[in-house]
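One structure is given here, and the rest of the page talks about it.
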Amino acid sequence: MIFTIFKSWMNKFQSQRLLIVLLLCVILWLVNLSLGSVQIPLKSLLGRIAGIPFPQPSWEIILMEYRLPKSLTVLLAGIGLSLSGLQMQTFFRNPLAGPYVLGISSGAGLGVALLTMAGTAFGWQILDNPGNSWSLVGAASAGAMGVLVLMGLAAWKVKDSMTLLIVGLMFGSATSSVITLLAYFSAAEELKLFTIWSMGNLGNTGWSDLGYLAGAVVLGLIPALVAIKSYNAMLLGETYAVSMGINFQKLRWTMILSTGILTGSITAFCGPIAFIGIAVPHLARLLFRTQSHSVLFPATAGVGVLILLACDTISQLPGMATSLPINAVTTAFGAPLIIWMIMKRSFSEEF
Amino acid sequence: MDNPENRQDEKEGFVRAKNLELGYRSGVETQGVASGVSFSLFRKELTCLMGPNGVGKSTLLKAIMHQHPPLKGEVWLGNAPASHLSEKERAKRVAVVLTEKIPTGLLTVRDLVALGRIPHTGWWGQLSPVDQAKINEVMALTSISHLAHKTVSALSDGQRQTALIARALAQDSPIMVLDEPTAHLDLSNRFEIMYLLRDLARKASKAILVVTHDLEVALETADKLWLMDARQPLLTGSPEDLMISGGIQRLLPGEKWRVDAASGKIIRNTTPLPCQIEGPEPMVSWVKNALRKNPELNLPEAIFLTETPFAIKATFSQHQQTFDSISEMIRFLQNQLKPENFFLK
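Read top to bottom, the protein sequences are chains S and R. First residue of the first sequence? That's 1 in our numbering, and the numbers climb one at a time after it. First residue of the second sequence? That's 352 in our numbering, and the numbers climb one at a time after it.
Below, the structure is given as structure tokens:
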């Protein structure tokens with residue numbers, strides 16, 4: 001029974017590929033846990049899973065307090081950002097759309113910028129300790145939600161999806177200009193704090209934060225899963241979708257809500273993570289050779305986790321004491337990837 | 352098949368409307384496009400909607416699809432007005448083929464046709480064996496089964512249009528609405544597509560409405576014509592009746608053009624040629640055709656045509672001339688004209 005459902009869901013080629021992607025995810029997850037400034041041998045790691053304690057107690061702390069929550073954050077961010085990107089690309093019928101086109105990252109950035117830099121710019125202090133991770137999360141969430149509410153109001157007024165896209169981009173530009181002004185008048189110390197936030201950080205989420213993030217990601221995924229069929233209908237454009245019985249206004253709100261919750265929460269906890277949201281859906285289409293969202297949803301989520309795990313593993317710089325900012329890695333690998341994809345075959349043809 | 356509702360459809364039409372007012376609503380302002388539009392669309396019939404650009408053909412289609420509801424009046428789809436149906440119920444009654452270019456990408460023909468099942472599947476879009484059978488059936492009906500695994504971007508224009516028609520068929524709705532399905536197609540494909548639609552109307556008992564500008568194909572294939580025209584009510588009837596009554600002339604407002612009652616071709620209103628032409632029939636009319644296109648020429652007094660071998664003997668006031676082809680004669684006549692050079696005057 002389950003098998004027949006699976007068979008009609010995706011073909012053999014696609015299920016094989018999905019299996020490979022999931023297998024690679026597990027392998028890369030183990031490698032990710034093992035590598036870093038302190039290397040934990042894979043053998044001990046597998047032993048630890050089987051219940052044998054580590055020979056060195058410090059490994060236990062490194063693994064449980066730092067690497068494991070970080071790898072779970074990678075899992076959530078990889079799924080959330082790439083599925084947001086997929087929804088945006090299908091909804092706006094634009095291959096360059098990504099999770100941040102509605103200005104959510106700029107909104108979160110503005111929240112954080114106000115928190116970290118407004119002190120000198122306006123001469124007042126919002127919090128005694130702006131570097132506190134919870135206050136950063138609060139500010140970023142407030143900013144993202146503010147933009148989300150504004151986009152909601154715009155969506156109420158504007159019925160055309162292209163106009164909505166432009167409004168979103170303009171919101172982004174407007175908030176960026178405020179951030180630039182704040183940065184111009186702020187002290188060097190605060191500017192650095194903001195700049196580091198904007199580079200993205202997957203390692204800031206402890207176990208307690210992780211619960212909230214997981215809850216938000218699950219909440220954001222539910223509307224997206226319910227709308228899978230509507231996204232398939234959108235492949236032929238809005239008019240065809242409506243003619244096939246899709247409630248377009250409902251889909252629009254679903255898209256805004258789902259991507260808003262997903263990217264808003266991830267940006268709040270991890271900062272704006274570049275490239276994953278735009279590149280991964282294309283990669284999933286290329287690898288699975290399909291446009292059907294019932295296949296693309298699991299495929300995109302799997303590939304998203306895989307790519308972000310790989311980027312995070314590289315950013316840990318095995319054997320060195322420091323780690324690179326995650327955005328430097330995602331962009332350094334994402335940009336060549338996109339260029340390679342464009343060179344290999346026409347981007348728009350595959351889309 | 353014999354319930355009272357079906358019998359009512361046969362009398363009144365499956366899609367019907369009385370005194371519709373069509374137009375757009377933007378805020379409080381309304382912009383009327385056409386008013387007093389009444390019609391009945393019957394099952395098992397292919398109906399062509401024709402008329403000049405901008406008279407509101409697309410608006411009428413959108414009113415039937417309920418994407419731009421009429422400003423006044425109701426369109427009835429079977430036993431219920433369109434506005435009383437939910438999106439899904441409407442989708443089960445009306446399927447469309449639009450002019451807009453579809454983004455193709457990696458979509459295979461079968462995937463495209465399968466999209467037509469969307470109103471019938473559950474939230475996940477899972478295709479049941481019934482859906483699969485329907486997809487196979489419509490692909491066989493439109494003879495595109497052999498293209499199933501090709502991507503839509505690899506199809507020719509005619510094949511793509513057929514695939515889009517198959518998608519609309521898969522939607523399993525009694526009404527099909529097509530907006531210029533034969534635009535961009537070559538001559539034979541235009542006929543193929545329209546004959547396919549005519550066949551489908553019969554075999555699958557569909558009410559099919561097609562917007563087209565192609566009079567020749569419409570006369571050949573349509574059961575009914577709806578002629579739409581600014582400031583006049585919709586004129587409906589079989590193409591043959593409209594030809595005989597002269598109602599067809601509405602397609603060509605103004606004095607310049609008319610539809611030839613014998614051939615159904617669109618011709619320019621002209622005065623008879625001041626030249627006597629004799630010879631076997633198809634040749635005479637083509638020579639006339641060539642001469643009409645070049646009204647500035649000084650015509651010979653008489654032209655005599657012979658069949659085998661083809662030759663044209665032209666009698667002028669002073670001499671006679673023989674030509675092997677019409678273009679040779681036209682070239683000769685053009686050279687007879689005095690060069691009119693405005694700079695030398």
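Backbone N, C-alpha and C define an ideal beta-carbon position, used for all residues, glycine too. Please read these numbers as outputs of a predicted model, since none were measured by experiment.
| Query | Result |
| --- | --- |
| Identity of the residue in Asn247/S, Pro57/S, Ile20/S nearest Leu306/S by Cα | Ile20/S |
| Trp475/R - DSSP class collapsed to helix/strand/coil | coil |
| Cβ-Cβ separation, Leu536/R to Gln512/R (assumed contact under 8 Å), whole Å | 7 Å |
| Continuous beta strand (DSSP E) stretch holding Thr657/R: start and end | 653-657 |
| Residue-level contact to chain R via CB, Leu23/S, 7 Å cutoff | no |
| Residue range of the unbroken alpha helix (DSSP H) whose run includes Lys644/R | 632-644 |
| Three CB pairs or more closer than 8 Å across the stretch 242-258 of chain S and the stretch 430-449 of chain R | yes |
| Neighbour flag for Met401/R against chain S, beta carbons, 7 Å | no |
| For Met352/R, three-class secondary structure by DSSP | Residue placement at Met352/R is poorly supported in this model, since its pLDDT is 41, which falls under 50; the coordinates still yield a value, given next. Note: Met352/R maps to coil in three-state DSSP. |
| Best match in Leu570/R, Leu422/R, Pro403/R, Gly509/R for proximity to Val379/R [C-alpha to C-alpha] | Leu422/R |
| Buried/exposed call for Ile27/S, threshold 16 Cβ in 10 Å | exposed |
| Beta bridge counterpart(s) of Gly701/R as assigned by DSSP | Lying outside 352 to 696, the shown extent of chain R, residue 701/R is not represented and no answer is given. |
| Nearest-angstrom Cα separation, counted from Leu463/R out to Met416/R | 20 Å |
| Proximity test, Cβ basis, 7 Å: Met1/S and chain R | Note that Met1/S has pLDDT 45, beneath the 50 cutoff, so the model's placement of it is unreliable and the number below is only indicative. So, not an interface residue. |
| Close Cβ partners of Glu60/S (< 7 Å) along its chain, the five nearest in sequence each way excluded | Phe54 |
| Cutoff 8 Å; reference Leu650/R; Cβ partners in own chain excluding five residues on either side | Leu624, Pro625, Cys626, Leu642, Leu684 |
| Closest residue to Gly467/R among Asn640/R, Ile486/R, Gly383/R, Asn430/R (Cα-Cα distance) | Ile486/R |
| Sufficient close CB pairs (3 or more, under 8 Å) joining the stretch 386-404 of chain R to the stretch 444-460 of chain R | no |
| Straight-line gap, Gln495/R to Val178/S (C-alpha atoms, nearest Å) | Correcting the residue identity first, residue 495/R is Ile in this sequence and not Gln. Each residue's alpha carbon lies about 57 Å from the other. |
| Collapsed DSSP secondary structure at Lys696/R in the structure displayed | A caution first: Lys696/R carries a pLDDT of 47, below 50, which makes its placement in the model too unreliable to give a value. |
| Buried or exposed by the 16-neighbour rule on C-beta atoms within 10 Å, applied to Arg582/R | exposed |
| Members of the stretch 524-543 of chain R that neighbour chain S once the beta carbon cut-off is set at 7 Å | none |
| Unbroken alpha helix (DSSP H) run spanning Gln600/R, endpoints | Segment: none, Gln600/R is in no alpha helix (DSSP H) and carries neither H nor E. |
| Three-state secondary structure assigned by DSSP to Met320/S | coil |
| Distance between beta carbons of Asn32/S and Ser71/S, contact taken as under 8 Å | 5 Å |
| Reduced DSSP category for Phe674/R - H, G, I as helix; E, B as strand; rest coil | strand |
| Rounded C-alpha distance that separates Leu317/S from Leu63/S | 16 Å |
| Under 7 Å between C-beta atoms of Ala139/S and Gly111/S | yes |
| contact_flag[the stretch 525-539 of chain R, the stretch 502-516 of chain R] where n(CB pairs < 8 Å) is 3 or more | yes |
| Chain-ordered chain R contacts of Ala233/S [CB-CB under 7 Å] | Leu466, Ile469 |
| Where the alpha helix (DSSP H) containing Arg67/S begins and where it ends | Element bounds for Arg67/S: n/a, residue is neither H nor E. |
| Proximal residues of chain S, C-beta to C-beta of Trp474/R below 7 Å | Val226, Lys229 |
| Neighbouring residues, chain R, relative to Asn247/S (Cβ below 8 Å) | Glu438 |
| Selection from Thr290/S, Ala279/S, Gly271/S, Ala299/S that minimises the alpha carbon distance to Trp340/S | Ala279/S |
| Ser105/S at chain R interface by Cβ criterion, 7 Å | no |
| Exposed unless 16 or more other CB atoms sit within 10 angstroms - verdict on Ser352/S | The structure shown does not extend to residue 352/S, since chain S is modelled only from 1 through 351, so no value can be given for it. |
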